[in-house]
Every structure is written in structure tokens, then in C-alpha cells.
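Take the sequence shown: its letters are residues 35 to 287, numbered as in this note's numbering.
Backbone N, C-alpha and C fix where the C-beta goes; we use that ideal spot for every residue, glycine too.
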Amino acid sequence: MRLDGKVAVVTGAASGIGRAGAALFAAEGARVVAFDRDAAGLDETVGAITAQGGEAVAVVGDVGEAGDNEAAVGTAVSRFGGLDVMWANAGVAAPFRSITETAPEDFDRMMTVNARGPWLAARAAFGPLRERGGGSVVITASLSGLKGRADASAYQSSKGATVMLVRSLAREFGPHRIRVNSVCPLASETPMWATLMEGYMDPDVAAVEFAKVVPLGRLAYPDDVAKAALFLAGDDSSFISGVNLPVDGGSSA
35 MRLDGKVAVV
45 TGAASGIGRA
55 GAALFAAEGA
65 RVVAFDRDAA
75 GLDETVGAIT
85 AQGGEAVAVV
95 GDVGEAGDNE
105 AAVGTAVSRF
115 GGLDVMWANA
125 GVAAPFRSIT
135 ETAPEDFDRM
145 MTVNARGPWL
155 AARAAFGPLR
165 ERGGGSVVIT
175 ASLSGLKGRA
185 DASAYQSSKG
195 ATVMLVRSLA
205 REFGPHRIRV
215 NSVCPLASET
225 PMWATLMEGY
235 MDPDVAAVEF
245 AKVVPLGRLA
255 YPDDVAKAAL
265 FLAGDDSSFI
275 SGVNLPVDGG
285 SSA
């Protein structure tokens, strides 16, 4: 098992990619702190993990709040004895809109969750990871942080920030044997997909149309992203840091 004996915090673990990742990490031997603001969703995630014989605990909180990130990390330390992996996965989106049609409040929310959230998660994780003699920080960025499009300036600004956060922290954390990388998924059929398509196109129709321009012919599945994050979290990537890894079916080629 690739995370046997490890302790991981996964943010945004109540649904979608985060739920898939928390379950995969647990199946690979990690004890998991599942962190999200959705208490009911977290209960489902933790219940599914424990039903399969894994170990997980839920922490309800807001990734945009420093104290809540510290509480999640503190739970990992107090409940499981330390921290080896921080996956800052939580994210939000808004429907595709031009800049003049995008509310400033939507921009602020995306920057808070998508950029401030991973920064706070990494900040909270640094001390316990250093005490462990090293570890891994994985951030869920996006293909939207690597490639531009005309109607997603707020979302792309937030995800572009995470791309540079990875590069900066890889240099800052590296001397402490802490690796920092991101997964950059193509759109995935999660609850966020419906949000992106609101007022733009029927989500099911959009999935078919978007898939036509993906070399591998489909959108990402949550498990695709979770498996990439598992690779970056574990020892198989022990000499990889500062990488923003596209999980995009060849779309960035």
C-alpha cells in the first residue's frame, strides 16, 4: 500500500474529487482527516471509508479561515500522531461569464477558497510536516491555471495563483524535505461542473461537446485526479517537487 502508516488531511472531502481522494488514500493505508464545510457530505465520506475498513475522521470548517485549517491539522496530530500529507483540494467556481458580467463578490470568493485556502493549508501543515522529517503537500489547481480562455477570468486568476504558490513553496519547503506539487485537472463531472455550465449550456450536453476536443475523448473522472494526487503524495514521487501536473487527457499538449 502506497500510503501505509501515513496520515493525510484532505480538504474539500465531502464530495467529488476530494471524496474520491480521501477514499483512495485510506484504501492505500493512510489515516485520513476529511475536512470540508459540508458536515453531511463529510459523514458520508467518512462512513464509506470506515465501511471499507479504513480510518478517517471528519473536521467541519472553512478552508478560507486560518483557524479551521489549523484545527484540521491539529486533529491529524492529536488523533493520529502527526501529519505526512496535506492535500489542499477544496475549490469553488462560478458560471462562465465575461469580466463585466462577473460579480466582484464571485471573484473574492474564488480567491478566498482557491488561492487563500491552499496557502493557509500549506501554512498550517508546515510545522507538523517538518517535525515528521518531511512530507508532501498536494494542491488541486486546474488546467485553467495553465491555459487561458475568454470567459473565466476570476476562476483562472485563482487557479493561476495556486500554480505559482506551488513553485514558490517547493523552494521554501524543499530544504525541509517537504515536496509541493499540484494536480491540474481538466473539467471533471462533479457538482462544480454544473456550476460552471449554469446559464451557459446544459451540463450533460456540455460534457459531450467538451469531450470532442479532448485527445482522449472524455472529461476527467474524480478517480483520475485522485490517482494523480496519490502519486504525488507518496514515495513514488520522492524526487518530484514544484510540478503542476496536468490531468487533462492530453488537452495541454
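Apart from the five residues just before and just after residue i, which ones in its own chain have a Cβ nearer than 6 Å to its Cβ?
i    : result
A128 : D140
F59  : L37, A42, V66
V288 : Coverage of the chain is limited to positions 35 through 287, which leaves residue 288 absent and any answer about it impossible.
I212 : L163, G168, G169
G88  : A60
A260 : A54, G55, L58
N103 : L154, A155, A158
Does the Cβ of residue i have 16 or more other Cβ atoms within 10 Å, making it buried, or fewer, making it exposed?
i    : result
D258 : buried
M226 : buried
K193 : buried
R150 : buried
L154 : buried
M35  : exposed
P138 : exposed
T84  : exposed
S222 : buried
D142 : exposed
M120 : buried
S285 : buried
T134 : exposed
Where do the ends of the beta strand (DSSP E) carrying residue i lie?
i    : result
P219 : 212-219
S170 : 169-174
A92  : 89-94
N278 : 278-281
Could you spell out the range, first to last residue, of the alpha helix (DSSP H) harbouring residue i?
i    : result
T224 : That residue, T224, is in no alpha helix (DSSP H); it is neither H nor E in DSSP.
R164 : 151-165
P138 : 138-144
E243 : 237-245
E206 : 187-207
F273 : Segment: none, F273 is in no alpha helix (DSSP H) and carries neither H nor E.
S112 : 100-114
Put residue i into one of helix, strand or coil per three-state DSSP.
i    : result
V41  : strand
A68  : strand
E135 : helix
A262 : helix
L253 : coil
V126 : coil
V80  : helix
V119 : strand
V147 : helix
Under 7 Å Cβ to Cβ from residue i, same chain only, skipping five residues before and after it: list those, please.
i    : result
F265 : S271
A186 : F130, S178
T109 : V67, V91, V93
Spatial neighbours of residue i within its chain, please: C-beta separation below 8 Å, excluding the five flanking residues on both sides.
i    : result
T224 : S49, G50, I51, P256
V200 : I173, A175, V214, N215, S216, G276, V277, N278
If residue i sits next to residue j, beta carbons under 8 Å apart, how far is it from one beta carbon to the other, in whole angstroms?
i    : j    : result
H210 : G268 : Contact flag wrong, Cβ pair sits at about 18 Å.
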